[in-house]
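Residue numbers (the working numbering): 586 to 1305.
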């Protein structure tokens, strides 16, 4: 052993060949934190000093190769002065340049996941051998930055500008076959053969079979396109990448412009361009928001894992109530490997549920993500039934019948009689109290809420709702099942609307009040979509279903009469009365027709303003700024109330719940990040402008005290 650090070792292999092994002690994965990067400096210096050096192989002793940089260190790094940050980046460029310039050929054996800075290290070597189950990529744009250790330089010179633009600006992880096709790796073998194949390739370089120096020269030289070809490549890409990224995510376009700027420069000059442009995006609010979301997501996963450790896995599940929702739950369970019974009281509903699952599976097949044999295997994991015959073998049941307390109580009591000892019963309710539903059960400790969001296969969030008598075992097993389904579970306490809907309806309250004051719903939608929401509130109500929203609105009014009740008819009442239920019957605030892909397409309905006559007291113009403030203030205050009331345990879980549950704009980092960035004192001053609108616009006393004391909700690392 020539060098042994906490994350890296250097050891001889044979005949002048040496191995640099990434093996981070006391961790399941390799990460490039500051300590590891410092060790890599030492390891490279050791290798450079070897007299008989013939070749170097870079390997990992973990299941993955290197998952990337240590994101927990980002904010401390990014808040440094620009010149200090640039100097740090240039130091790392120098390190990777040393690897690229070693006096002997180099090959990286990529046995598993290799992303971000890890892949940039691999790109610095002459060749790469990839395991057939591994993935590689440069996903930095998802954090509001772009590759800063030479990725924007080496990849375009290696695989061409067009391919590199797609890799870098989309931040995609590439499977082995795609990486080989594009030329980012040189061979794909089984995982077990990766090291051996890499050694064979290295020996081929040593023997002169492969011209590794030519490969190096290509990566270190300007891009081999003339000025016209460059203009065509970059200018055509700007329209596509700019359109996909949108105005709120600057990193993809910044990456593209960086590649263009250093296209005609040699490596060292290109290093300087990349470092300077990297600093610009690293200092943006968007980067701070997205890095903060990543850290909060890691925290949410950690909380889920603590529940999973306590739980028995769910070997077999059941869903009560077929149809679209039941079929979605059945599909999601089966596609992730957990067999599920799907029960209903009539054949038609069962067929609807099976059709939903089949439709979703057919989409996977058509996209090449699954073959017909696997599709058949998934469908075989869904067992439709009209009776409770096999329910004695079920570990967990999801009740997904009509949103009516009496019906749900009757069904829950009925199924409880059929379950084995210790089986967990859950309700997929969006508004009804779990504690109230539990009164129908003999063993309320085995019951909790499991609120899926529609469409089940697309929406990542599941709210796991703890009722007053729900046991920790019931909550833990439900969390474990949600995780097994590929979802992000967040545990919340029982209250009307739970977390997400409780916060969503004050947002809708802001919308209905704006309408009553004379605003145009089309302007509100346009403004809020411009603010970053995936759809405006009127469009969202159409997607949720006006009938569903009308019911939930009534529940919220009873639960929080001081701020969520209203006198007289509001716009949701009017639309419900007119039976304009949104996408369910193709007419709501907008009309809907199916596009070529069979998805509902929104069309402006010129008749709607006349249908809403009498809702508004008067018609007046609203500025975009006023619309945003009147929509966002109630949402923010209610989110804080949920934290203060103990409905959600942490700001991180609340922020991720809104990101995953209702599409809160990710580039804004979540409500608590937004409040901290704005400053609570500034927020309270803003809310004071609208306090005459009622309690929805009035901050809590604790918010006011925190504002006066200059306090924040998140630590600096999570605000990032």
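Glycine residues also receive a C-beta, built at the ideal position from the N, C-alpha and C atoms.
Problem set entry | Where residue 1066 falls: helix, strand or coil (DSSP) | In the three-state scheme derived from DSSP, where H, G and I count as helix and E and B as strand, residue 1066 is classed as helix.
Exercise. By DSSP, does residue 532 sit in helix, in strand, or in coil?
Worked result: No answer is possible for residue 532: it lies beyond the span of the chain, which begins at 586 and ends at 1305.
For this session: Label residue 1305 either buried or exposed according to how many other C-beta atoms from any shown protein chain fall within 10 Å of its C-beta, with 16 as the threshold for buried.
Result: Only weak support exists for where residue 1305 lies, its pLDDT of 40 falling under 50; the coordinates are left without a value.
Problem set entry | Helix, strand or coil at residue 1012 [DSSP, three-state] | Assignment of residue 1012 by DSSP, reduced to helix, strand and coil, places it in the strand class.
Problem set entry | Whole-number beta carbon distance between residue 616 and residue 654, since they are thought to touch under 8 Å | Under the criterion of beta carbons closer than 8 Å, residue 654 and residue 616 qualify as touching, at roughly 7 Å.
For this session: Return the CA-CA distance between residue 934 and residue 962, expressed in angstroms with no decimal places.
Result: Roughly 22 Å separates the two Cα atoms.
Problem set entry | residue 1062 beta carbon less than 7 Å from that of residue 896 | Closer than 7 Å, so yes.
Exercise. Just the Cα atoms here: how many angstroms apart are residue 705 and residue 711?
Worked result: Approximately 12 Å between the Cα atoms of the pair.
Exercise. Whole-angstrom Cβ separation of residue 1100 and residue 1201, contact assumed at under 8 Å?
Worked result: In this structure residue 1100 touches residue 1201 by the C-beta definition: roughly 6 Å separates them, less than 8 Å.
Problem set entry | Residues sharing a beta bridge with residue 1033, DSSP | Note: residue 1033 sits in a beta bridge opposite 1011.
Problem set entry | Three CB pairs or more closer than 8 Å across the stretch 1118-1131 and the stretch 1268-1278 | In short, these stretches do not touch, since the Cβ pair count stays below three.
For this session: Put residue 970 into one of helix, strand or coil per three-state DSSP.
Result: Residue 970 falls in the strand class under three-state DSSP.
For this session: Round the Cβ separation of residue 657 and residue 878 to the nearest angstrom and send it over; I've been treating them as touching at under 8 Å.
Result: With 8 Å as the limit, residue 657 and residue 878 do not qualify as a contact, their Cβ atoms being about 13 Å apart.
For this session: Note down, in chain order, each residue of its chain lying with its Cβ closer than 8 Å to the Cβ of residue 622, except the 5 sequence neighbours on either side.
Result: Only 677 and 680 meet the Cβ criterion.
Exercise. Exposed or buried, what is residue 1263 when buried is set at 16 or more other beta-carbons lying within 10 Å of its beta-carbon?
Worked result: An exposed status is given to residue 1263, since fewer than 16 other beta-carbon atoms sit within 10 Å of its beta-carbon.
Problem set entry | Same chain, Cβ closer than 6 Å to residue 1138, five either side skipped, listed in chain order | If we look at residue 1138 and ignore the five residues flanking it on each side, its Cβ neighbours are 1157.
For this session: Tell whether a beta-carbon distance below 7 Å holds between residue 1297 and residue 1261.
Result: Contact flag set, yes.
Problem set entry | Contact under 7 Å by Cβ, residue 598 with residue 647 | In this structure, the beta-carbon distance from residue 598 to residue 647 does not fall below 7 Å.
Problem set entry | Sheet register partners of residue 1197 (DSSP bridge) | Looking at the DSSP assignment, residue 1197 forms no beta bridge with any residue, so it has no partner.
Exercise. Do the stretch 1070-1087 and the stretch 1020-1037 make contact, defined as three or more Cβ pairs closer than 8 Å?
Worked result: Proximity of the stretch 1070-1087 to the stretch 1020-1037 meets the contact definition, three or more beta-carbon pairs being nearer than 8 Å.
For this session: Quick one: using the 10 Å Cβ neighbour count with 16 as the cut-off for buried, is residue 1188 buried or exposed?
Result: Per the 10 Å Cβ criterion, exposed.
Exercise. Expressed to the nearest angstrom, what Euclidean distance is found between the alpha-carbon atoms of residue 827 and residue 1140?
Worked result: Cα to Cα, residue 827 sits roughly 43 Å from residue 1140.
Exercise. What's the call for residue 813, buried or exposed, on a 16-neighbour Cβ count within 10 Å?
Worked result: Label assigned to residue 813: exposed.
For this session: Identify the continuous alpha helix (DSSP H) that holds residue 815 and give its terminal residues.
Result: Note, residue 815: alpha helix (DSSP H), 812-830.
Problem set entry | Same chain, Cβ closer than 8 Å to residue 901, five either side skipped, listed in chain order | Excluding positions up to five away in sequence, the list reads 923, 924, 925, 926, 978, 979 and 980.
Exercise. So what does DSSP say about residue 1308, is it helix, strand or coil?
Worked result: What is shown of the chain runs 586 to 1305, which leaves residue 1308 out entirely.
For this session: Please state whether DSSP places residue 694 in a helix, a strand or coil.
Result: It is a strand residue.
For this session: May I ask which residues mark the beginning and end of the alpha helix (DSSP H) holding residue 1090?
Result: Unbroken alpha helix (DSSP H) run through residue 1090: 1085-1101.
Exercise. Under the three-state reduction of DSSP, which class applies to residue 1249: helix, strand or coil?
Worked result: In the three-state reduction of the DSSP assignment, residue 1249 falls in the coil class, being assigned neither a helical nor a strand state.
For this session: With DSSP collapsed to three states, give me the class of residue 597.
Result: Look at residue 597 here: in three-state DSSP terms it is strand.
For this session: Compare the Cα-Cα distances from residue 920 to each of 905, 943 and 910 and report the closest residue.
Result: The closest CA to that of residue 920, considering only 905, 943 and 910, is found on 943.
Problem set entry | At least 3 beta-carbon pairs within less than 8 Å: the stretch 711-725 vs the stretch 751-765 | These segments touch.
Problem set entry | Contacting residues, own chain, Cβ-Cβ under 7 Å from residue 720 (five flanking each side not counted) | Shown here for residue 720: same chain residues with a beta carbon closer than 7 Å to its own, the five before and five after excluded, namely 698, 758, 759 and 760 in chain order.
Exercise. Excluding sequence positions up to five away, which residues of its chain have a Cβ less than 8 Å from the Cβ of residue 638?
Worked result: Counting only Cβ-Cβ distances below 8 Å, and skipping sequence neighbours, we find 601, 603, 632, 687, 688 and 689.
Exercise. Relative to the alpha-carbon of residue 538, which residue among 1084, 734 and 1228 has its alpha-carbon at the smallest distance?
Worked result: Here the chain covers residues 586 to 1305 and nothing more, so residue 538 does not appear.
Exercise. Helix, strand or coil: how does DSSP classify residue 718 here?
Worked result: Residue 718 carries a coil assignment under DSSP once its states are collapsed to helix, strand and coil.
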